[in-house]
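**Q**
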Amino acid sequence: MALFRGASEAVGRFRMKLNISFPATGCQKLIEVDDERKLRTFYEKRMATEVAADALGEEWKGYVVRISGGNDKQGFPMKQGVLTHGRVRLLLSKGHSCYRPRRTGERKRKSVRGCIVDANLSVLNLVIVKKGEKDIPGLTDTTVPRRLGPKRASRIRKLFNLSKEDDVRQYVVRKPLNKDGKKPRTKAPKIQRLVTPRVLQHKRRRIALKKQRTKKNKDEAAEYAKLLAKRMKEAKEKRQEQIAKRRRLSSLRASTSKTESSQK
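Number 7 in our numbering belongs to position 21 of the sequence shown; there are no gaps in the numbering.
1) Count the C-beta pairs between the segment 90 to 103 and the segment 6 to 21 that are closer than 8 Å, then say yes if the count reaches three, no if not.
2) Am I right that residue 180 and residue 139 are in contact with their C-beta atoms under 8 Å? What's the rounded C-beta distance?
3) Output the distance between the C-alpha atoms of residue 28 and residue 103, rounded to the nearest integer angstrom.
4) Please look up how many angstroms separate the CB atoms of residue 128 and residue 11, rounded, as I've assumed it's under 8 Å.
5) For residue 218, which of helix, strand or coil comes out of DSSP?
6) Buried or exposed for residue -6, going by 16 or more other Cβ atoms inside 10 Å?
7) Please classify residue 212: does DSSP put it in a helix, a strand, or coil?
8) Are residue 70 and residue 91 closer than 7 Å when you measure CB to CB?
9) Can you tell me whether residue 80 is helix, strand or coil according to DSSP?
10) Under DSSP, the beta strand (DSSP E) around residue 38 begins and ends at which residues?
11) Residue 52 to residue 37, Cα distance in whole Å?
12) If you draw a straight line from the alpha carbon of residue 3 to that of residue 79, how long is it in whole angstroms?
13) Among 122, 240, 233, 107, which residue has its Cα nearest to the Cα of residue 0?
14) Give me the residue from 223, 201, 46 with the minimum Cα distance to residue 120.
15) From 57, 49, 245, pick the residue whose C-alpha is nearest to that of residue 33; which is it?
16) Quick check: the Cα distance between residue 89 and residue 217, rounded to an integer number of angstroms?
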């Protein structure tokens, strides 16, 4: 009896939060699940796996969600690619998930959780991939407008389906700035990667400077090669003169020694 009581208490104490987001509306909702049976469909599944959410309740019928991450009860995050249930200590550097370097080139050994879902998680992050039959209040029935529009020129073109001939500057999403007692005004972001006559002029100038540098380096290399050939020729002539001089001296010594020996 005590064993059954302990098991029932453990089931009663079970609690996991589901952080569910719907990118189409920009909404996010945190729901708390007390019944472990509803979550068994997510167990032993890895991150980025798509799972049918019918087990969560009648209103979730037809929904498909993707597991995007989670945290365990001590707050350690799940990391993609770590194929285990438990925690591991990994040496992380810039570019890795679950770590933000404080200094340039810094590496640190951090505790992270594996990418396989089990019952020891406190929060599980889910993203709705496919919408079901019914709307979920606060998640699929309302739309949160995006606070900022795109800033890059190519993304503005993609948003408004513009061609390369259209002027992107007319389609920038402006941000309203309304302050009490002041005239309402709007603020537009600076468009990045916008091709203007000034940009093309800078590009032409860069290419011209590069050609000038190439020509200058080529001329200097040719001049240096010419000077080097001249110096090598002078050194060769000097060496030949020294050799000829040594030969003359040696032949002179040989002739003087021969005459001295003949006189004796």
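We treat Cβ as the ideally placed atom computed from N, Cα and C, and that holds for glycine.
This structure is a prediction, so every number in the text was calculated from the model and none was measured.
**A** Concretely, from the data shown:
1) no
2) That pair is a contact at about 5 Å.
3) 7 Å
4) 7 Å
5) helix
6) Per-residue confidence for residue -6 stands at a pLDDT of 45, beneath the threshold of 50, marking its modelled position as unreliable; no derived number is given.
7) helix
8) no
9) In this structure, residue 80 counts as coil in the three-state DSSP scheme.
10) 36 to 38
11) Distance between residue 52 and residue 37, taken at the CA atoms: about 6 Å.
12) Roughly 30 Å between the two C-alpha positions.
13) 107
14) 46
15) It is 57 whose Cα lies nearest to the Cα of residue 33.
16) 53 Å
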